[in-house]
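> Can you read through this structure? Questions will come right after.
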Amino acid sequence: SWRFTTDMEKKDKIDYLELTYLSAIHHEKFVKVRHYANPYDPADKSYYEWRETYHMKQTLKGRQSLINIWKRQNKVCPICGERIDRERPWSITEQIVDGRKVRTLVHTSCKRIIKK
């Protein structure tokens, strides 16, 4: 495997300082925004919520905030009362309550029911 190194000369001797392994560098594919999606259009709100959920799952800080929301809800969907786990797809919804943005985790099927 590849390594990034630099030469360090020490008293008639060349020593190599290892900076990092190439495999240790995190690389993630950028997800393009749909060209026809408008962040101000209510019809595209679910797309942007999906995008935010995806990005939160990719980052450690985002994962930690998801875990905090999940624990705050006692690990259940507030709509159907069933457990939120890996078996059923879920997403984040945002609501304005008392002038504050409140995020909740709900099952995707429950989210569709709300929007009807």
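Just so you know, we're using our numbering here: the sequence shown kicks off at 723 and counts up by one. Note that beta-carbon positions come from the ideal geometry of N, C-alpha and C, so glycine has one too. These figures come from a predicted structure and were not determined experimentally.
Taking DSSP's pairing of strands, which residues face V798 in a bridge?
In the DSSP assignment, V798 forms a beta bridge with R805.
> Just curious, the alpha helix (DSSP H) that S768 is in, first and last residue?
767-780
> Can you find at least 3 beta carbon pairs, one from the segment 800-808 and one from the segment 821-832, that sit closer than 8 Å?
yes
> Report the residue from G821, L744, T727, I818 whose alpha carbon sits nearest the alpha carbon of D737.
T727
> Mind checking I806: buried by the 16 CB within 10 Å criterion, or exposed?
buried
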